[in-house]
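Colleague:
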Amino acid sequence: MAFRCLGLDVVGPLTKSSGESGAKSKRDWHERIGEALWAYRTTVRTPTQATPYALVYGVEAVLPLEQQIPSLRIAIQEGLTEEENARIRLEELEALDEKRLEAQQRLECYQARLSRAFNKKVCSKIAQWKQEKKNSIT
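Numbering (this note's numbering), first residue to last: 7 to 144.
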């Protein structure tokens with residue numbers, strides 16, 4: 007809000023929406039929420055280079071399509087004995103803490119980059135605004 011009162015536009019113009027939100031009406035959003043959450047949880051995030059699902063459970067999610075048309079990953083898992091599967095799962099869970107720590111470090115680096123870029127843009131806008139004020143006074 008402080009920038010708005012100074013007359014600075016830090017964010018820039020916002021794009022107009024096409025009006026289509028994916029739902030047919032305002033009343034059927036609850037029917038599509040499951041699909042939206044699944045898409046969100048299984049999409050790799052830029053800052054962490056991992057999916058939220060993988061960071062929570064330690065493995066990538068099995069897509070519904072992989073249930074019908076078995077992928078190589080599913081075929082390998084089905085060929086394992088129960089003991090081998092338990093051993094592999096335990097190794098994955100032990101590596102999960104390290105994976106989460108790496109994701110946290112990537113997230114902090116990403117946030118620092120965003121902060122530097124934002125501050126650079128804001129500082130240039132403030133300097134420009136000060137120069138305009140200085141020129142208008144003289």
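The beta-carbon is built from N, C-alpha and C at its ideal position, and this holds for glycine as well.
Spatial neighbours of Y59 within its chain, please: C-beta separation below 6 Å, excluding the five flanking residues on both sides.
Modeller: Translated into positions along the sequence shown, residue 59 becomes position 53. So the qualifying residues of the chain are R47, T48 and A67.
Colleague: Which of the three DSSP states is assigned to N125 in this structure?
Modeller: By one-based count along the sequence shown, residue 125 stands at place 119. If DSSP states are grouped into helix, strand and coil, N125 belongs with the helices.
Colleague: With a threshold of 8 Å, are at least 3 pairs of Cβ atoms found where one atom belongs to the region 127 to 143 and the other to the region 87 to 96?
Modeller: Flag = no, the region 127 to 143 and the region 87 to 96 do not touch.
Colleague: In angstroms with no decimal places, state the Cα-to-Cα distance between W135 and H36.
Modeller: Looking up residue 135 in the sequence shown gives position 129. Looking up residue 36 in the sequence shown gives position 30. Whole-angstrom Cα-Cα distance: 46 Å.
Colleague: Excluding five sequence neighbours on each side, which residues of the same chain lie with their C-beta closer than 6 Å to the C-beta of L102?
Modeller: Working through the sequence shown from its first residue, we reach residue 102 at position 96. Only G64 meet the Cβ criterion.
Colleague: From the DSSP output, in three-state form, read off Q134 for me.
Modeller: As a working note, residue 134 is residue 128 in the sequence shown. Helix, per DSSP.
Colleague: Going by DSSP in three states, R33 sits in which element: helix, strand or coil?
Modeller: Mapped onto the sequence shown, residue 33 falls at position 27. R33: coil per DSSP, three-state reduction.
Colleague: From the DSSP output, read off the bridge partner residues of A56.
Modeller: Residue 56 sits at position 50 when you count from the first residue of the sequence shown. Looking at the DSSP assignment, A56 forms a beta bridge with R51.
Colleague: When we look at the beta-carbon of T54 and count the other beta-carbons within 10 Å, is it buried (16 or more) or exposed?
Modeller: The residue labelled residue 54 in the question sits at position 48 within the sequence shown. Buried, since its Cβ has 16 or more Cβ neighbours within 10 Å.
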